[in-house]
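Residue 471 is where the sequence shown ends in this note's numbering, and the numbering goes up by one at each step. Presented below is the structure to which this report refers.
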Amino acid sequence: MIDFKSLAVSEPIIAALAKDTITVPTPVQKEIIPRILAGENIAFQSETGTGKTLCYIIPAFLRSKPGKITTLVLAPTHELGSQIRQTAASLAKASELPITAALCIGGAPLKRQIDMLKKKPDVLVGGPARILELIRLKKLPLQNIEMVVLDETDRMLAPEMRDIITELLSLFSETTQYVACSATLGPRHVGILEKGIPGNPKITRVELPEEDVLTRNISHWAFFCERRDKIENLRKFIIAEKPVKTLVFTAIAGQVDNIAQQLTHRGVTCASLHSRLDKMGRKKAIDQFRSGKVSVLVTSDLAARGLDIPGVTHIVQLDVQENTDFFVHRAGRTARAGRTGINAIFGDERELRGLSRMEKKLKIVIHPKALYGGNIVTPEQPSMDELEH
């Protein structure tokens, strides 16, 4: 059996992982950690909840050098950046290694971040725009950075962020190692990276076997309801299921607060998370949800990208996105670390009609469900494939 020791992971890190009940590497960790340690430029796609963050944090720790920033991790959202830094900080504390991690994101005081950089953290996590700003101000020297990680790469290579990423990557030396990862990452993304990096290095796209998290660990349910009835049906769903933690997704950030207010009016304690909130507002919402002060968090897709909150039992999608990437990222917030979860889709006839294509592409089964008499039942109705026709 392959264990962390056979992957050349040090004893302090192995002991630290064991404290968090992580004793056996996941398939993605078995494949990726040795390749990063070998210095490969790689891009890997792996389902959410499979341990992608530790794939690069562990090598970052093993190759750290006192007094030097050797690893830079780029993240597209404040929340993901904060989670990555916390993962690194927790591992450092548990291992008792003299390794530090810092976070530099927009919206936080620039002077405080400049002072933090003077302490030379081993791992620096940041948003692309703020990192680029610090480089332009000559507050972040690049000569010691050996590895650059792009987490949620597909999101950072979207049109609205691509220019910043391209400029940023052009500043590093040709000897820098690059690691790109996401739950949805294709050859097109790898091609964009290769063209934007000095020396146009070859980036190996590692295709890992699917771990079937969407199939084995998540039950997918579809509820038919007209648009005007979605909030009331969501309330009934929450009463019937009594979920511990529920993430409610909507595609439009401007609708998040309205949905949360309607739920609150109906007696459901919830918080809202969207990109228009300031840093403190986002942190408050996540903290309330994480601590259990509220059991429902209504969020937009961008705000929840990469969000890792333990114990999310239910996902509710209040709209059906045609792009399967959105479906994967939404559903992947539950059933993490080997647990199970429920992914419920609320849609009208037009929206549900497209789910058969989703089933075929993702190789999942979406079961029709209905709310009846305070319970969730299986109605006698056509399958998603039959509805398509």
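Here a beta-carbon is modelled for each residue, glycine too, at the ideal position from N, C-alpha and C.
Under 8 Å: do the stretch 348-357 and the stretch 121-132 share three or more Cβ pairs, one atom per stretch? no
Residues sharing a beta bridge with Arg449, DSSP: Per the sequence presented here, residue 449 reads as His, with Arg not at that position. Answer is Trp303.
Closest by CA to Pro148, which one among Ser88, Pro203, Ser264? Pro203
Do you know how far the Cα of Leu329 is from the Cα of His271? 28 Å
Is the distance from the Cβ of Glu234 to the Cβ of Arg387 below 8 Å? yes
Quick one: is Gln195 buried, meaning 16 or more other Cβ sit within 10 Å of its Cβ, or exposed? buried
Please confirm whether Leu224 and Leu216 have their CB atoms less than 8 Å apart. no
If you measure between the beta carbons of Ile166 and Thr135, is that distance less than 8 Å? yes
The alpha helix (DSSP H) that contains Leu216, what's its start and end? 210-218
For the beta strand (DSSP E) holding Met83, just list the boundary residues, first then last. Premise fails: Met83 is in no beta strand (DSSP E) and is neither H nor E.
Contact check, Gly278 vs Ser255 under 8 Å by CB: the rounded distance? Their Cβ separation, rounded to whole angstroms, is 14 Å, which puts Gly278 and Ser255 out of contact at 8 Å.
Alpha carbon to alpha carbon, what distance is there between Arg435 and Leu469? Confidence at Leu469 is low in this model, with a pLDDT of 48, below 50, so its placement is unreliable and the value that follows should be read with caution. Approximately 6 Å, taken between the alpha carbons.
Taking its Cβ as the centre, do 16 or more other Cβ atoms sit within 10 Å of Asp236, making it buried, or is it exposed? buried
Length at least 4, wholly inside the stretch 111-169: the alpha helix (DSSP H) runs in chain order: 134-144
I'd like the list of long-range same chain contacts for Leu185, defined as Cβ closer than 7 Å, with 5 residues on each side in sequence excluded. Gly163, Ser164, Arg167, Val207, Gly208
Quick check on Pro392: buried or exposed, where buried means 16 or more other Cβ atoms within 10 Å of its Cβ? exposed
Taking the DSSP output, what are the residues bridged to Ser264? Gln127
Have a look at Leu99, Leu89, Glu93 and flag the residue whose alpha-carbon is nearest the alpha-carbon of Ala120. Leu89
For Asp245, three-class secondary structure by DSSP: helix
What did DSSP end up calling Ala353 once you bin it into helix, strand or coil? strand
Going by DSSP in three states, Ile458 sits in which element: helix, strand or coil? strand
Report whether the distance from the Cβ of Ile247 to the nearest heavy atom of the ligand MG is below 7 Å. With respect to small molecules bound, the structure shown includes none, and the ligand MG cannot be examined in it.
Can you give me the Cβ contacts of Leu156 inside the same chain, cut-off strictly under 6 Å, excluding the 5 residues immediately before and after it? Pro210, Leu232
Straight-line gap, Ala100 to Ile118 (C-alpha atoms, nearest Å): 22 Å
So, with DSSP's three-state summary, where would you put Thr395? coil
Put Arg287 into one of helix, strand or coil per three-state DSSP. strand
According to DSSP, is Asp339 helix, strand or coil? helix
Report the option in Tyr454, Val261, Ile115, Gly189 whose CA atom is closest to the CA atom of Arg364. Gly189
Can you tell me whether Pro280 is buried or exposed? The criterion is at least 16 other CB atoms within 10 Å of its CB, across all chains shown. exposed
Whole angstroms is fine: what's the gap from Met362's alpha carbon to Met83's? 45 Å
Among Thr286, Ala452, Leu179, Ile424, the one whose alpha carbon lies nearest that of His302: Ile424
Which of helix, strand or coil DSSP assigns to Phe254: coil
From the DSSP output, read off the bridge partner residues of Leu379. Leu329, Ala353
Given Arg212, which residues of its chain have a CB within under 7 Å of its CB, disregarding the five upstream and five downstream residues? Cys186, Ile187, Gly188
Go through its chain and collect everything with a Cβ distance to Met491's Cβ below 8 Å, but skip five positions before and after it. Only positions 83 to 471 of the chain appear in the structure, and residue 491 is not among them; the question remains open.
Which residue comes first and which comes last in the beta strand (DSSP E) that contains Leu185? 183-186
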